[in-house]
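Chains as they are written, first to last, in the numbering used here: chain A, 2 to 319; chain B, 2 to 319.
First comes the structure, then the notes that go with it.
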C-alpha cells in the first residue's frame, strides 16, 4: 500500500531503486547562451524527455508499484486532463493492470490518444472538478479500482522526489533548485530530496501570478485554495493539499511568482536557444530567474523542466 | 589554406581533432516509440543541438581554422540566408577575425540577429543568387576577405564529415546512415567518413521531391542543377557542386526522395515524440524511413538531424 507518512531519506532512495527500470534517467542540459544572458550557471533537469513527457511518471510509477498484486487486481483509477493521466495509464500497463481514467470531454485530442494508446479505459465527463470527482467515485465504486491521486499522497511525493535526487547527483550540490509549483507534489518531493541529499541547496518554488495559491497559503500559514485560476501554465492550476502543504511550509523559504508574459517569453527562449520542447508550466522556473536575476547572479542554479506536452496547433505566441 | 584534394582518412581525423574545442560533440538520441512504429533501431545524431543550431559550424570552423593569421588578416566573407551564415560568423569571431555576410533583405529577422550577434557585418542584397554573388564579389574585392563557400570546398567537406564520424563512434557501425542532401557537403563528408571508419555501413541521401537535383544528377551521370526548387526544407534548395558530386557519385548507391507532406509529418512526429526542435530539412531522413520502411525493417539506422533553426512564428502545420 501507499506510504502513510512523510518519506524519509531511506524511503526516497528505495523509491528511486524501485522505479528506475520504469523511468528514464533524464539528462541535465546546459546552455552557454542562457548562462551568459543571466550571469549564472544553469542546469536544466529535462523531465520533458521523461516517458509520457513529464515528471508525473515518477510518482505514478512509485504509487502503482507500491501496490501488491492483490491490491491491483481490480485496477487503478484517476481523474486528470493532463500529464498524470498518461503517467497512470503507462504505469498500470507496465504491471498489466487495468486503468480507468476520468477525463473531461474537452481534453486535447492528443492527450486522449496518448492515454488510450497505453490501453487505459477513458471515462469522459463534463469539464468541472465536481463532475470529475463524481465520475471517479462511480468508477471506483463499480470496479473496486484503487484511486491514484495526482499529488496529495506520500508515495506520489516520494516518486517526484527522485527528479531532484538525480539533479543533485549530477550537478554536485547547486546553490539553488527551482521547481514549478501546482498541487505541490514535485515541490514537496524536491524539498525532501534537497533536505536529505544536499541540505546546503535552497529550494525555491515558482508559480504563475494567476494561480498563486502557494504564495498566498505560505503567507497566510494555511491552505488558501485557488478559485478560478487563470494562467497559460495549464499544469499549475491545482491548489496545495493537506499532505504537500506542511512539507512546503517547513522547507520552502521563498516562492517567486511570474506573469504569463514572462512565462511565454521564457518558454520561447528555451525552444529557440536549447532546441528542446517544454510546456508552459516548465517555463516558470526560467521566468523566475529573469524576474529575480540579482538573487542568482554568479550562482549555480538547478531548474526542473517539468514536462514537454504541448499542443503544437495552439502555441502561446501564435 | 584550404584542402585542395578529397580529404583522406588521416585528414578527417586531424580535422576532428582541430575543431573539437570549437564545436559541440552532439548527443545521439533514441526513441522507443519511433523504433516500435518503424520496426527498426533508430539513432538520431542531433546536430540541431550544435552551436549556431546546425552542422554547418563543423565545416565553417574547419575552413576558417585552416587559414593562417596572415590569410585571415582581411577577414572572411560568404553569402547565405541561413545556417552557413551563422556558422561563418561564429567561427570568425572565435579567431577574432572580421566576417562579412551577404544576406538577402528577406532573410528572417532571427537569422539576421544571430549573425549580427556574433559580431559579423551584414551586407544586404536583393534575394536572388545573382545579387548575392555580385555583392559578395564587391565585398571581397574591396576588403580582401577570404570567401568561405558553403559546401563546394574540401575543407568544408572534411568538417561536415566529422558528424558521421562521431555517429559511427557512438553507435558501433549502424547498417545505414541517412543524411539530408542539398549542395552535398554533408552527404559527401558522411560518405567519406563511412568509407574510412565503417565501410560496411551504407549511406543513403534523402532529398525533397521539389529539389531533387541530386537524384536526377546521379541518374544522368552529370550535374543537373535545380531550376526553381520548391520545398518546405529550406536548407536543401541548393544544387550539387563539382567537388561534392564526384564523391557522391562514387559512394552513394541510393537517394530516397520524399514529398513535403511526409517531411512535415515526420518533423511534427519528432517534435511530439522526442521533444526536440528540428527544422524541416532535418526531417527528410525520418520521412525516408517511412517511405521505404521495408528496406529498414530490423536494421540499425543512423539519422543525421542537420539543424534546428525554425521560425516559430511560421510553423509548417499552421
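For each residue, glycine too, the CB sits at the ideal point set by N, CA and C.
Model, not experiment: these values are computed from the prediction.
Quick check on residue i: does DSSP put it in helix, strand or coil?
i	result
residue 98 of chain A	coil
residue 105 of chain B	strand
residue 293 of chain B	coil
residue 311 of chain B	coil
residue 258 of chain A	strand
residue 127 of chain A	coil
residue 79 of chain B	strand
residue 145 of chain B	coil
residue 122 of chain A	strand
residue 237 of chain A	coil
residue 242 of chain A	coil
residue 306 of chain A	strand
residue 1 of chain A	This structure does not reach residue 1 of chain A, given that chain A is present from 2 up to 319, and the question cannot be answered.
residue 371 of chain B	No statement about residue 371 of chain B is possible, as the shown extent of chain B runs from 2 to 319 and does not include it.
What do you reckon, are the CB atoms on residue i and residue j nearer than 8 Å?
i	j	result
residue 161 of chain A	residue 301 of chain A	no
residue 171 of chain B	residue 311 of chain B	no
residue 178 of chain B	residue 219 of chain B	no
residue 116 of chain B	residue 86 of chain B	yes
residue 305 of chain B	residue 257 of chain B	no
residue 7 of chain B	residue 197 of chain B	no
residue 1 of chain A	residue 236 of chain A	The question about residue 1 of chain A has no answer, for chain A in this structure spans 2 to 319.
residue 76 of chain A	residue 62 of chain A	no
residue 55 of chain A	residue 275 of chain A	no
residue 313 of chain A	residue 318 of chain B	yes
residue 273 of chain A	residue 309 of chain A	no
residue 277 of chain A	residue 84 of chain A	no
residue 303 of chain B	residue 168 of chain B	yes
residue 124 of chain B	residue 140 of chain B	yes
residue 13 of chain A	residue 52 of chain A	no
residue 291 of chain A	residue 267 of chain A	yes
residue 202 of chain B	residue 175 of chain B	yes
residue 157 of chain B	residue 221 of chain B	no
Hey, is residue i's beta-carbon within less than 8 Å of any beta-carbon in chain B?
i	result
residue 269 of chain A	yes
residue 39 of chain A	no
residue 314 of chain A	yes
residue 276 of chain A	yes
residue 236 of chain A	no
residue 343 of chain A	Outside the modelled stretch of chain A, which goes from 2 to 319, sits residue 343 of chain A, for which no answer is possible.
residue 309 of chain A	yes
Closest Cβ-Cβ distance between residue i and chain A: below 8 Å?
i	result
residue 49 of chain B	yes
residue 261 of chain B	no
residue 292 of chain B	no
residue 74 of chain B	no
residue 36 of chain B	no
residue 273 of chain B	yes
residue 120 of chain B	no
residue 83 of chain B	no
residue 54 of chain B	yes
residue 153 of chain B	no
With a threshold of 8 Å, are at least 3 pairs of Cβ atoms found where one atom belongs to the region 65 to 76 of chain A and the other to the region 35 to 49 of chain A? Verdict: no, contact absent.
Touch check for the region 239 to 247 of chain A and the region 6 to 19 of chain B: three-plus C-beta pairs under 8 Å? no
Of all the beta strand (DSSP E) runs that stay within the bounds of the region 2 to 58 of chain A, which reach a length of 3 or more residues? 42 to 47
Whole beta strand (DSSP E) elements within the region 176 to 235 of chain B, 3-residue minimum: Fully enclosed beta strand (DSSP E) runs of 3 or longer: 177 to 181 and 203 to 209.
Is the region 276 to 291 of chain A close to the region 255 to 266 of chain A, with three or more CB pairs under 8 Å? yes
Three or more beta-carbon pairs under 8 Å between the region 173 to 183 of chain B and the region 91 to 109 of chain B, yes or no? Result no; under three Cβ-Cβ pairs closer than 8 Å.
The region 95 to 103 of chain A contacting the region 76 to 87 of chain A, beta-carbon criterion three pairs below 8 Å: yes
Just checking, does the region 210 to 225 of chain A make contact with the region 193 to 201 of chain A on the three C-beta pairs under 8 Å criterion? no
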